[in-house]
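Asks:
Protein chains in written order, with the numbering used here: chain D, 374 to 551; chain B, 88 to 509.
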C-alpha cells in the first residue's frame, strides 16, 4: 500500500487504511504535537490532539493530494496543537515572531514559494547550535528557558543566537532589495 | 510587510524532529475510531450499568433511579449561586462501584445546559471528599464542572456542571462519568534510594536501548507512589536519564516530576522526555541536564500527586425542560480581518455562546474576539471571560456571566465590530 492507494481506500471508508496511516505517520504527527504541547499541557491533551489529526485525515481523505499527505498532516498537527493551547488560554512563547520587512514595490513582492525557499536557504545556512535553537523555538514553539535547560546553555545565549537567526533570515528575505 | 517567522519556518518544513515521539499506534487507532464513530465528542454507549441496575432493582422491588434525598429545595438552602433558581428538579441517580451520581436539577438553554449534580459514596469508604476529580460527559461538545458545596454530614459533593455545544434537538439528555479520582496525596518528601554517583555513563544509542528495554527490572520504588519504580538510570551526554514504570490499570494516577537536589541545594528538574502508555507498558523517560560531578551527594526526589482512580459506568438519561429565556440568532461577524459567516449566537441567563464553522475561517482565535452586552443596567464586557472549544469542523466559545442574566433586558450584543440589536 502507498499514500495514493491508502488515500483512495480511506476516502471509501476503509478502516484498514486508517490503521496504515496511523502506523506510518503517527510518530511524525505526535512529534510535532508533543514538541508544541509538552510540558505546557498533559500527555492526555497531546494524545487527544493527535487523535483529532487522524479524524481530520479520515474526513478529508477525498480532498488530499497523495503527494501532500505528509504536509497535510504536519499542518493539521500544528493547528490542533495550537487549538489545544488556545483552549487553555496559552500561547507559544515566541520571541519577536513577527518580522517586519520593507514594503516591496508592485513587481518586487516575493511569491509564497520564494519566501519558503529563501527561509529554507537561510535555515540551511545556519551553523549548529544556532540552527537547532532556531528550529526548537520557531518551529516547535519551545521557550527560551526550556531550550536553555535542554542544551545546558545560558538563556541570554539562547536569545542572542535567536536574534542572530532572525537577522540571517531577514537578510535572506530582503536580499536584492535596494 | 510583516511575516511570522514561525509560519515561514513551518511552511519551509525542514523535517528536523527533535525529541521524536513514539505513540502507541493501537491505542491511538482505538481513540480515533471512537471519535469517528461517536456522534458527539464525548458520546458513550447506552449505560449498561443502568440497565443492570434496573434489572436488579426489579428483583428487589425498588427503583433503580431513586429520588435524590437532598433535592432542589435542600440545595437552594445551601448554595448562594443565583443560577440555582434557573433550574428545575430532575432527581435521578445511578450507582456503580458504590458511588452514587445524581442529577438534582437541570435546565437547558438552547445549545447549553446547566446541571446541579451530586456525588456520594454509598459504601461507607469515604471516597467522596472535596478534592475529588471527575470529568462529566454530556451531549455537549464541552462540559465543565465546579464544586459548589460539600455536605460534610451526608458526604456529598455538589457540582455545578455547564455543557455547551449541544446539537440534539430534544429527547432525554445524557450525563455520565467513567472514572473518579479520589484520595489525592502529595508525594516528594523522601528521596529515592538510587545510587546516583555510581550510574553507568553511556552513549546516546546505549541509553536509548536501555530506556526501551521491555522487561526492565525495578531499581528502586518511588517513595509514596503506590507502585511506581525507577527501572533504568544512566548518565548520558550531560544528562541524568531516568525511566520509571507504572503498572497499567493498577488503580492509581500519578503526576510525578523528578527533581534532582545537588549537594549544594540546587534544584534541577525538567519535563523533557517521553512517555509510552499501552495496555502492557506504561513508562516515562526524563532527561535532567546536570554535570556528572554534581551527582555525587545529590538526592533524587519525585514530586507531585498520586490519586486513586475508580472506573465504572455511571450514566443518567434525563428529560428536563428548555428555558424560554434565550435569544438565538444567526449572523455574519466581522472580526480580525475575516467575516465569520453564519455564526450561531445564543444569549441565555448563563451568558453568551457562539458557534462558527471553521471552514474558511482558518486559524481563528476567538479568545481575542471583543464581546459585550448592553442591558437596561448598562454595558457588560465579557471579553476576558471566555472558554473555547476548537473541534474539527467548528469553533465554539462561551462567555459566562457571574449572576443570571435577565434576557428580557438585553438590548444589544456586540461581537467584534458587529452589533446585534434585540
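We put the CB at the ideal spot given by N, CA and C, even for glycine. Computed from a predicted structure; not experimentally measured.
Output yes if chain B places a C-beta closer than 8 Å to the C-beta of residue 516 of chain D; else output no.
Replies: no
Asks: Could you give the first and the last residue of the continuous beta strand (DSSP E) run that contains residue 422 of chain B?
Replies: 414 to 422
Asks: Assign residue 269 of chain B to buried or exposed, taking buried as 16 or more other Cβ atoms, counted over all protein chains shown, within 10 Å of its Cβ.
Replies: buried
Asks: Anyone know if the C-beta pair for residue 316 of chain B and residue 305 of chain B falls short of 8 Å?
Replies: It is a contact, given that the beta carbons lie within the stated cut-off.
Asks: So is residue 247 of chain B buried or exposed if we call it buried at 16+ other beta carbons inside 10 Å?
Replies: Result: buried.
Asks: Using the beta-carbon of each residue, which ones in chain B are nearer than 8 Å to residue 395 of chain D?
Replies: 112, 115, 116, 119
Asks: Report all residues from its chain with a CB closer than 6 Å to the CB of residue 490 of chain D; omit the five preceding and five following residues, and keep chain order.
Replies: Answer for residue 490 of chain D: no residue qualifies.
Asks: Identify the continuous alpha helix (DSSP H) that holds residue 453 of chain D and give its terminal residues.
Replies: 442 to 460
Asks: Spatial neighbours of residue 386 of chain B within its chain, please: C-beta separation below 7 Å, excluding the five flanking residues on both sides.
Replies: 278, 348
Asks: If you run the structure through DSSP and keep just helix, strand and coil, what is residue 467 of chain B?
Replies: strand
Asks: Taking buried to mean at least 16 other C-beta atoms within 10 Å of its own C-beta, is residue 479 of chain D buried or exposed?
Replies: A caution first: residue 479 of chain D carries a pLDDT of 49, below 50, which makes its placement in the model too unreliable to give a value.
Asks: Whole angstroms is fine: what's the gap from residue 538 of chain D's alpha carbon to residue 507 of chain D's?
Replies: In this structure, the alpha-carbon of residue 538 of chain D lies about 6 Å from that of residue 507 of chain D.
Asks: Would you please verify whether the beta carbon of residue 525 of chain D is less than 8 Å from any beta carbon of chain B?
Replies: yes
Asks: Any residues in the region 380 to 409 of chain D with a beta carbon nearer than 9 Å to a beta carbon of chain B? Which ones, in chain order?
Replies: Hits within the stretch, in order: 388, 391, 392, 395, 396, 399, 400, 401, 402, 403, 404, 405, 406, 407, 408.
Asks: With distance defined between alpha-carbon atoms, name the residue in D/375, D/522, D/546, D/513 nearest to residue 402 of chain D.
Replies: D/513
Asks: According to DSSP, what are the bridge partners of residue 496 of chain D?
Replies: Answer by DSSP bridge pairing: none, since residue 496 of chain D is not bridged.
Asks: Counting only Cβ pairs nearer than 7 Å, list the residues of chain B close to residue 412 of chain D.
Replies: Result: 358.
Asks: Rounded to a whole number of angstroms, what is the C-alpha to C-alpha distance between residue 148 of chain B and residue 395 of chain D?
Replies: Summary for residue 148 of chain B: the model assigns pLDDT 31, below 50, so the residue's position carries little reliability; its value from the coordinates is reported in the next sentence. So the alpha carbons of these two residues sit roughly 50 Å apart.
Asks: Using a Cβ cut-off of 7 Å, pull out every chain B residue sitting near residue 423 of chain D, in sequence order please.
Replies: 110, 115
Asks: Per DSSP, what are the beta-bridge partners of residue 371 of chain B in this structure?
Replies: B/331, B/362
Asks: Can you tell me whether residue 374 of chain D is buried or exposed? The criterion is at least 16 other CB atoms within 10 Å of its CB, across all chains shown.
Replies: exposed
Asks: Over the uninterrupted alpha helix (DSSP H) stretch that includes residue 390 of chain D, give me the two end residues.
Replies: 388 to 410
Asks: If we ignore side chains and look at the alpha-carbon of each, how far apart do residue 231 of chain B and residue 495 of chain D end up?
Replies: 46 Å
Asks: By the DSSP assignment, the beta strand (DSSP E) with residue 347 of chain B in it spans what residues?
Replies: Element bounds for residue 347 of chain B: 339 to 348.
Asks: Could you tell me whether any Cβ in chain D is nearer than 8 Å to the Cβ of residue 122 of chain B?
Replies: Output row for residue 122 of chain B: interface = yes.
Asks: Distance cutoff 8 Å, beta carbons only. Does residue 456 of chain D sit that close to anything in chain B?
Replies: Under the Cβ criterion of 8 Å, residue 456 of chain D is counted among the residues facing chain B.
Asks: Nearest to residue 493 of chain D by CA position, among B/92, B/267, B/208, B/477, is which residue?
Replies: Comparing Cα positions, the closest option is B/92.
Asks: Mind checking residue 508 of chain B: buried by the 16 CB within 10 Å criterion, or exposed?
Replies: By the neighbour-count definition (other C-beta atoms within 10 Å, threshold 16), residue 508 of chain B is an exposed residue.
Asks: Would a C-beta distance cut-off of 8 Å place residue 492 of chain B and residue 436 of chain B closer than the cut-off?
Replies: yes
Asks: Residue 546 of chain D: which of D/386, D/488, D/451, D/437 sits nearest, CA to CA?
Replies: D/488
Asks: The beta strand (DSSP E) spanning residue 186 of chain B covers which residue range?
Replies: 186 to 196
Asks: Cutting at 6 Å between CB atoms, please list the residues of its own chain near residue 322 of chain B, excluding the five before and the five after it.
Replies: 286, 288, 379
Asks: So, at 6 Å on beta carbons, what are the nonlocal neighbours of residue 486 of chain B in its own chain, with the 5 sequence-adjacent residues on each side left out?
Replies: 438, 439, 458, 469, 472, 473
Asks: For a contact defined as C-beta to C-beta under 8 Å, what are the partners of residue 93 of chain B on chain D?
Replies: 465, 467, 470, 511, 512, 514
Asks: Near residue 449 of chain D, what residues of its chain come up, given a Cβ to Cβ distance below 6 Å and the 5 sequence neighbours on each side ignored?
Replies: Cβ neighbours of residue 449 of chain D beyond the five flanking positions: 426, 429.
Asks: Counting only C-beta atoms, is residue 475 of chain B closer than 8 Å to chain D at any point?
Replies: yes
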